[in-house]
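Notes to accompany the following structure.
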Amino acid sequence: MQATMNTEPAKALYRQRKQTVEPVFGIVKAAMGFRQFLMRGLAAVEAEWTLVALACNAKRMARLCPA
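Each residue of the sequence shown is one higher than the last, beginning at 502 in our numbering.
Laid out in C-alpha cells, this is it:
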C-alpha cells in the first residue's frame, strides 16, 4: 500500500480527495456535532447518514442561495 501511495498518480488523487471530500466530514463533525451513529445495523446507519448528508446539503444551499 505504501508503494502505491508513493506514486505520482496516487498522490494527485489524494490531494484532490483532501480538497473535496475531507472538509465535508470535518464540517459534519465539528459544526454539526455529529460524532457517532445512534442507530445499529447497516440499513439504519445508511438512513441516519442520509439524513445527516441532507441536513448538511440543505445548510450549504441556504448559505449559497439567499432567498
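Glycine is no exception: its CB is placed at the ideal position from the N, C-alpha and C atoms.
Reference residue i, options the options, closest by Cα
i	options	result
phenylalanine 535	Thr505, Gly542, Val525 and Pro567	Val525
cysteine 557	Ala548, Phe538, Asn507 and Val529	Val529
Three-state class that DSSP yields for residue i in the structure shown
i	result
arginine 564	helix
alanine 532	coil
glycine 542	coil
Element boundaries [alpha helix (DSSP H), containing residue i]
i	result
methionine 506	503-506
leucine 514	509-521
Residue i versus residue j - alpha carbon distance
i	j	result
threonine 505	alanine 511	7 Å
alanine 548	threonine 508	37 Å
alanine 554	valine 522	12 Å
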